[in-house]
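K.L.:
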Amino acid sequence: MSRYNPKESEPKWQARWAAADAFAASKAKTDRRYYVLEMFPYPSGKIHIGHVRNYAMGDVIARYKKACGYNVLHPMGWDAFGMPAENAAMQTGAHPGEWTFSNIEAMRAQLKRMGLSIDWSREFATCEPDYYRWQQAMFLKFWEKDFAYRKESLVNWDPVDQTVLANEQVIDGKGWRSGAVVERRTLSQWFFRITDKADDLLAALDDGRLSGWPENVKLMQRNWIGKSKGLQMKFAFADGGTAPRGFEGGIEIFTTRPDTLYGASFIAISPDHPLAQSMADDDPALKDFIAECQKAGTSEEAIEKAEKKGYRLAIECGHPFDDRKLPVYVANFVLIQYGTGAIFGCPAGDQRDFEFAKKYGLPIPLIVLPPGEDPQSFALDDEAYVGPGTLYNSDFLDGLTIEDGIAAAIAKIEDMGLGEGKTQYRLRDWGVSRQRFWGCPIPAIHCETCGVVPVPEKDLPVLLPEIAADEFKNPGNPLDRSCADDWRNVPCPECGRPARRETDTMDTFVDSSWYFARFASQPDDKPVDKADADAWLPVNQYIGGIEHAILHLLYARWFSRAMKVCGYLSVEEPFENLFTQGMVVHETYLDPDETKSLKERWIFPEEISMQNGRPIWEKTGAPVIVGPIEKMSKSKKNVVSPDDIADTYGADAARWFMLSDSPPERDVEWTDAGVEGAWKLVNRIWDAVAPATDALKPHDFSKPPAAMDEAGVALRRATHAAIAGVTDDIEHFRFNKAIARIYEFLNALKKTPPMTKEDGAPSNSVKAEAFAQAEALSALVRLAAPFVPHLAEECWETLGGDGLVCDAPWPEADAALLRRDTITLPIQVNGKRRDEVEVAADADNASVEKAALSLDAVQRHIEGKTVRKVVVVPGRIVNIVAN
RNA sequence: GCGGGCGUGGCGGAAUUGGUAGACGCAACAGACUUAAAAUCUGUCGGGAGUAAUCCCGUGCCGGUUCAAGUCCGGCCGCCCGCACCA
């Protein structure tokens with residue numbers, strides 16, 4: 004019997020699929036369609052095993068749905084703009100585009116080796132003008148609709164890389180890449196007005212529109228949007244005469260606890276608050292204080308340890324309800340980004356305010372009485388009280404619960420015309436400007452006379468200019484240097500006078516916010532054709548890493564809404580079902596030589612061999628230190644190459660291993676033993692199929708023979724149980740269990756005596772037993788096909804199946820074979836299993852009880868006792884209670 | 001600090017959602033084949049007692065509900081993730 008040879012088989016079947024155009028999504032037949040999408044890769048250079056896991060999952064779904072008769076769209080492309088290309092350019096002097104496209108070439112070849120059922124005709128890269136020009140067109144539309152706007156904003160500025168950094172890219176106050184201390188600058192930046200949709204983005208998480216999303220992702224988005232209801236109100240200055248110019252009206256604050264207004268003892272504003280900035284002009288000490296606040300780290304520890312500090316201003320505010328005067332501080336713990344950048348301090352009800360009041364000797368009026376406390380004797384220890392209770396010392400609020408107090412206080416303030424109930428969001432508008440070259444140019448022109456003017460649509464695309472390779476070696480954005488003057492200097496589209504292009508490009512998250520729509524429809528005169536996009540969207544199954552739980556998935560949801568308003572498409576929620584898969588992790592290995600720096604001590608797994616169960620470094624023959632199991636990363640060198648795996652075991656084994664054992668949402672550890680196990684499985688399937696040449700041919704599977712021996716019936720039952728089980732498991736993303744069932748089925752199949760002639764040749768008879776075996780093999784191959792597609796084709800051909808197995812229909816379970824005439828019930832006495840009994844499946848409780856009580860083991864255990872109760876759970880269990 | 005999740009053999013993990021704990025795989029051990037190894041096949045494989053039949057214990061710990069708890073409830077311990085001076 005020949006051994007299965009993936010090196011020959013895999014390229015052969017890949018070529019056949021391509022020749023048959025097997026995975027092209029049909030444009031016409033969208034009534035029974037299914038759109039499977041895995042988050043498209045950044046072309047970093049090479050596919051890693053994590054990609055293999057991600058795409059293998061999507062491929063199982065895509066192949067399964069195709070077999071079920073769906074018109075499947077399963078595309079692939081490249082998230083191709085971004086910093087790494089520019090960093091590579093900085094190092095090598097090559098154009099970022101060159102680097103990107105050569106990576107795409109390499110990675111496409113690697114992906115094709117994995118045998119994915121991709122419709123490659125729809126492939127694109129976001130850095131291609133055919134893609135980004137439509138992004139520019141939509142940008143203009145968004146601008147027109149006021150979804151895109153410019154504003155001055157405080158940004159994290161990396162002085163070495165000379166670019167703005169997202170908050171996530173600032174680590175301990177330093178740039179994640181350059182390590183330079185990040186500065187805070189005010190820059191005029193482009194924003195998308197995502198906060199306008201905050202309420203709907205939040206509502207959809209809870210009203211069933213995203214019922215196909217995992218709870219943890221929804222929770223993260225909920226927290227990120229961070230809705231809180233409260234009161235926004237103005238504290239007037241106690242002496243209007245002293246108010247600085249422009250701030251005469253008072254200080255606007257936001258609070259979620261207006262019920263505690265009587266507990267107010269000070270007002271605090273952020274160091275970045277305009278009032279603080281303005282007053283600092285005449286107050287050098289305040290200026291110093293503000294500068295000091297801005298220097299402080301933003302890391303977790305820095306915040307936790309940071310002392311509450313304030314600077315008392317020479318102004319006071321009046322209390323809205325009585326004649327108290329409240330001092331005004333600039334305080335380091337008040338954030339400009341949230342609410343109004345100003346608060347009223349209620350020390351008794353807020354720990355930060357409490358610490359602040361203690362430090363500056365401010366009063367701490369008690370206003371919430373915890374349940375069961377005596378108003379005369381209740382006192383705070385060393386903490387604010389934030390729990391439930393009744394309001395007191397609060398005039399018209401006395402005796403109310405916190406909830407009622409909030410409503411009453413808001414009503415009163417509204418009556419007085421000082422403010423109103425308001426909902427605040429933590430979510431901020433999306434800053435999309437990046438001072439980078441390798442991104443989608445923002446189609447705007449700055450004119451001294453006309454201001455910021457949109458590039459006329461007829462002038463799109465604004466292409467990235469040709470830049471001499473040398474220029475990339477300098478930090479910063481070449482678009483904003485003289486080398487780009489030919490591109491940068493343009494006449495104003497409105498007045499015709501000399502003007503300058505916007506040199507910022509768009510955040511790459513913009514590129515990935517609509518690519519799924521472009522996969523569905525790629526007209527050459529607009530972003531998408533509405534009818535085509537509507538026919539395919541929403542994506543039925545989206546699969547990707549949990550690291551995109553917030554930003555990408557939130558931006559894409561907003562972008563769909565914006566596109567809908569602009570008339571490009573009709574869906575608001577682009578992803579019907581979302582699955583977030585776990586990472587691939589691997590052991591790390593370290594050179595024991597501690598004189599080297601840690602960074603230099605990591606060793607690639609391929610340099611390790613096992614001797615007597617211990618890892619040895621081939622280079623030295625000496626043992627290495629086994630480090631922790633971690634996410635595969637280049638820096639720790641704990642990576643394995645999908646190409647090497649495919650060379651050794653084939654793509655099928657790699658795919659099988661990535662989906663077996665661990666549940667898909669959990670991390671999986673890559674081990675050599677694991678992939679070897681998968682390789683064994685490939686061979687076991689092949690060994691089961693190989694002797695059965697053309698075994699399918701004599702049979703009409705729609706007409707099972709009436710009579711069959713016991714082994715045949717048992718095999719048919721196993722076949723149909725496997726079909727039902729695997730189908731259910733795939734539907735529910737339980738690939739590890741689907742695989743376990745295939746193993747079980749294979750074990751059952753191998754226990755059945757082979758039904759071939761003695762000389763090993765296939766039986767051409769239509770004997771019932773041969774039918775059962777042929778049916779089992781046919782099902783086995785089709786059930787395994789989504790996981791190990793190349794092997795399945797080879798098997799299908801051997802068995803004499805019609806056409807390609809990737810075009811074959813999914814097997815259907817016969818319900819009659821899933822039903823059992825008799826079942827085995829476990830029998831418990833006092834909750835402990837003592838025996839089991841075989842009864843008719845439809846036996847009534849009385850006869851089951853009788854059968855159970857007649858068992859020897861049961862009699863032994865109830866001897867000398869009285870049977871108090873017999874619990875019969877039909878089809879499940881019997882429990883006899885005796886004492 | 002706030003929010004969420006998880007804890008099952010040597011390991012990855014199953015357990016139809018309250019009903020036979022340990023499916024399936026990996027590793028290990030024993031045997032068959034082989035001059036030998038690899039591959040393959042067969043068997044054993046949570047702990048303890050016993051020749052055996054069988055019995056006792058066992059899902060992080062303590063308690064509770066129930067005929068019945070890995071699963072539900074309360075309280076601890078440990079690990080992981082997200083957010084974080086959000087007023």
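Using the numbering used here, the first residue of the first sequence is number 4, and each one after it goes up by one. Just so it is clear, CB atoms sit at the ideal spot from N, CA and C, and this is done for glycine as well.
Decide if the region 329-346 is in contact with the region 260-276; the criterion is three or more beta carbon pairs, one per stretch, under 8 Å apart.
P.N.:
yes
K.L.:
Just to confirm, are residue 89 and residue 605 a CB contact at a threshold of 7 Å?
P.N.:
no
K.L.:
Can you list, in chain order, the stretches of the beta strand (DSSP E) that have 3 or more residues and sit fully within the region 503-584?
P.N.:
542-548, 578-584
K.L.:
Can you look up residue 429 in the DSSP assignment and give me helix, strand or coil?
P.N.:
coil
K.L.:
Is it right to say residue 735 is buried, meaning 16 or more other beta carbons lie within 10 angstroms of its own, or is it exposed?
P.N.:
exposed
K.L.:
Please name the residue, chosen from 855, 239, 310, 648, that lies closest to residue 679 on a Cα-to-Cα basis.
P.N.:
648
K.L.:
Which residue or residues does DSSP assign as beta-bridge partners of residue 202?
P.N.:
Answer is none; residue 202 lacks a bridge partner.
K.L.:
Are residue 1 and residue 220 closer than 7 Å when you measure CB to CB?
P.N.:
Missing from the structure shown is residue 1; the chain here goes from 4 to 886 and no further.
K.L.:
Based on Cα-Cα distance, which residue from 593, 642, 717, 661 lies nearest to residue 630?
P.N.:
593
K.L.:
Give the list of continuous beta strand (DSSP E) stretches no shorter than 3 residues that lie fully inside the region 147-192.
P.N.:
151-161, 166-168
K.L.:
Could you check what DSSP says for residue 328 in three-state terms: helix, strand or coil?
P.N.:
The answer is strand: DSSP assigns residue 328 an E or B state.
K.L.:
If I measure Cβ to Cβ from residue 815 and keep anything under 8 Å in the same chain, skipping five residues before and after, which residues do I get?
P.N.:
726
K.L.:
So, are the CB atoms of residue 413 and residue 541 less than 7 Å apart?
P.N.:
no
K.L.:
Which ranges would you report for the alpha helix (DSSP H) in the region 610-670 if only whole runs of at least 4 residues count?
P.N.:
645-651, 654-662
K.L.:
On a CA-only basis, which of 587, 676, 622, 646 is nearest residue 635? Give me that one, please.
P.N.:
Minimum Cα distance to residue 635 is reached at 587.
K.L.:
Would you kindly check if the distance between the Cβ of residue 530 and the Cβ of residue 571 is under 7 Å?
P.N.:
yes
K.L.:
Work out the CA separation of residue 116 and residue 820 for me, nearest whole Å.
P.N.:
Residue 820 and residue 116: Cα-Cα distance of roughly 39 Å.
K.L.:
In the DSSP assignment, find the unbroken beta strand (DSSP E) run with residue 448 in it and report its ends.
P.N.:
447-450
K.L.:
For the beta strand (DSSP E) holding residue 398, just list the boundary residues, first then last.
P.N.:
First-last for residue 398: undefined, no H or E at that position.
K.L.:
Using the Cβ count rule (16 or more neighbours within 10 Å means buried), how would you classify residue 498?
P.N.:
exposed
K.L.:
Around the Cβ of residue 466, are there at least 16 other Cβ atoms within 10 angstroms (buried) or fewer (exposed)?
P.N.:
exposed
K.L.:
What are the residues that DSSP puts in a beta bridge with residue 320?
P.N.:
240, 329
K.L.:
Can you look up residue 886 in the DSSP assignment and give me helix, strand or coil?
P.N.:
coil
K.L.:
Among the residues of its own chain, which have a CB less than 7 Å from the CB of residue 639, if the five just before and after it don't count?
P.N.:
591, 605, 633
K.L.:
Quick check on DSSP: helix, strand or coil for residue 588?
P.N.:
Collapsing the DSSP output to three states places residue 588 in a strand.
K.L.:
Nearest-angstrom Cα distance between residue 37 and residue 521?
P.N.:
16 Å
K.L.:
Would you mind sorting residue 516 into buried or exposed? The rule is 16 or more other CB atoms within 10 Å of its CB.
P.N.:
buried
K.L.:
Hey, residue 803 and residue 650: beta-carbon distance below 7 Å or not?
P.N.:
no
K.L.:
Between the alpha carbons of residue 114 and residue 163, how many angstroms are there, rounded?
P.N.:
36 Å
K.L.:
Where does residue 141 land, buried or exposed, given buried means 16+ other C-beta within 10 angstroms?
P.N.:
buried
K.L.:
Can you find the residues in the same chain that come closer than 7 Å, C-beta to C-beta, to residue 315, ignoring five residues on each side of it along the sequence?
P.N.:
330, 332
K.L.:
Three or more beta-carbon pairs under 8 Å between the region 841-851 and the region 818-832, yes or no?
P.N.:
With a cut-off of 8 Å, the region 818-832 and the region 841-851 count as touching, because enough Cβ pairs lie within range.
K.L.:
Along the chain, which unbroken stretches of the beta strand (DSSP E) at least 3 residues long are found entirely within the region 61-130?
P.N.:
74-76
K.L.:
Within 10 Å of its beta-carbon, does residue 298 have 16 or more other beta-carbons around it, so buried, or fewer, so exposed?
P.N.:
exposed
K.L.:
Below 6 Å CB to CB, which residues in the same chain sit around residue 354 once its five sequence neighbours on both sides are set aside?
P.N.:
387
K.L.:
Determine, using beta carbons only, whether residue 265 and residue 397 come nearer to each other than 7 Å.
P.N.:
yes
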